[in-house]
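K.L.:
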Amino acid sequence: MDIYPKDIKKPKPALFCNVKIFVLCHSLLQLTQLLYSSYFKSTITTIERRYGLDSLSSGTISSLHEVGNTVFIAFVSYMGNRVHRPRFIGLGGLLMSFSAIILALPHFLSQPYTYDSVLHASRQDMCYLRANATGAEACGQEESRKLVDTSKFWVLMATAQLLFGIGSVPIQPFGISYIDDFAGAGNSALYIGTFFSWFS
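This is the structure:
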């Protein structure tokens, strides 16, 4: 039965109330997540050198993404049929964006990156001894003691990785189930295949 009188036009569906638009936006969000993760992991050695981190610290920062994801994945997946899934995906995307901004803060809060010191790091290791210099001064160890404390940058990067892992939790499970529920019977496999083709 039509609830609208004949003289009143039915409202047109909103642009974003379309499963095709959802698949497009969701695929772009998933692609952004993968680009973030791959870029961070490819620059981890540069981060180690710039902020004086050891392998344990950089490995801990890198793994916090998976820690945040693992802690919340079971809870979020269980709540999937009780919440508005697109809104939760959007909130996860906003949290990922916020964490990406936090991850970029150390670059702007620290001293300018001196590429020359990294390029010639092996020259310091050769320890050119001078007549009136101690071993620590000659080997560049005295200069390394004057570097700025980078513990606050470690906390920022660790927080960003943890928040990014939490924000990425609802993306894939909610997105695939939403597509499967609201796509047509013959189009569900096509849309899910299109979604996975963006980052395969």
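Residue numbers (UniProt numbering): 1 to 200.
Just so you know, even glycine gets a beta-carbon here, dropped at the ideal spot from N, CA and C.
Since the structure is predicted, the reported quantities are computational estimates derived from the model, not experimental observations.
#1: Where HIS84 and LEU24 are concerned, what is the direct C-alpha to C-alpha distance, given to the nearest angstrom?
#2: Excluding the 5 residues flanking LYS41 on each side, which residues of the same chain have their C-beta closer than 8 Å to its C-beta?
#3: With DSSP collapsed to three states, give me the class of TRP154.
#4: Counting along the chain, where does the alpha helix (DSSP H) carrying MET96 start and finish?
#5: To the nearest angstrom, report how far apart GLN161 and TYR51 are at their CA atoms.
#6: So, for PRO106: in the same chain, excluding its five sequence neighbours on each side, which residues have a beta-carbon less than 6 Å away from its beta-carbon?
#7: In whole angstroms, what is the alpha-carbon distance linking PHE98 and VAL19?
#8: To the nearest angstrom, report how far apart THR32 and LEU91 are at their CA atoms.
#9: Leaving aside the five residues before and after HIS26 along the sequence, list all residues of the same chain whose C-beta is less than 6 Å from its C-beta, in chain order.
#10: Classify ASP180 as helix, strand or coil using the three-state DSSP reduction.
#11: Any idea what DSSP makes of SER168, helix, strand or coil?
#12: At which residues does the alpha helix (DSSP H) containing ALA185 begin and terminate?
#13: Kindly indicate which residue of GLY80, TYR178, ARG49 and LEU103 has the alpha-carbon position closest to the one of PHE17.
#14: Here's the rule I'm using: 16 or more other beta-carbon atoms within 10 Å means buried, otherwise exposed. How should PHE22 be labelled?
#15: Do three or more CB pairs link the segment 166-173 to the segment 65-83 at distances below 8 Å?
#16: Assuming ASN81 is part of the alpha helix (DSSP H), what are its boundary residues?
#17: Can you name the start and end residues of the alpha helix (DSSP H) that residue 206 belongs to?
#18: Here's a check: name, in chain order, each residue in its chain whose Cβ is nearer than 6 Å to the Cβ of ILE166, leaving out the five neighbours to either side.
#19: Could you check the C-alpha separation between ALA158 and LEU64 for me, to the nearest Å?
#20: Could you check the C-alpha separation between ALA104 and GLU48 for me, to the nearest Å?
P.N.:
Considering the structure as presented:
#1: 19 Å
#2: Counting only Cβ-Cβ distances below 8 Å, and skipping sequence neighbours, we find SER62.
#3: helix
#4: 85-109
#5: 16 Å
#6: PHE153 and LEU156
#7: 26 Å
#8: 15 Å
#9: GLY175
#10: DSSP places ASP180 within a helical segment (H, G or I) once states are collapsed to three.
#11: coil
#12: Unbroken run through ALA185: none, as it is neither H nor E.
#13: As written in the sequence, residue 17 is Cys, which differs from the Phe given in the question. Nearest option by C-alpha distance: TYR178.
#14: buried
#15: yes
#16: Element bounds for ASN81: n/a, residue is neither H nor E.
#17: Given a span of 1 to 200 for the chain in the structure shown, any question on residue 206 remains unanswerable.
#18: GLY68 and PHE72
#19: 7 Å
#20: 15 Å
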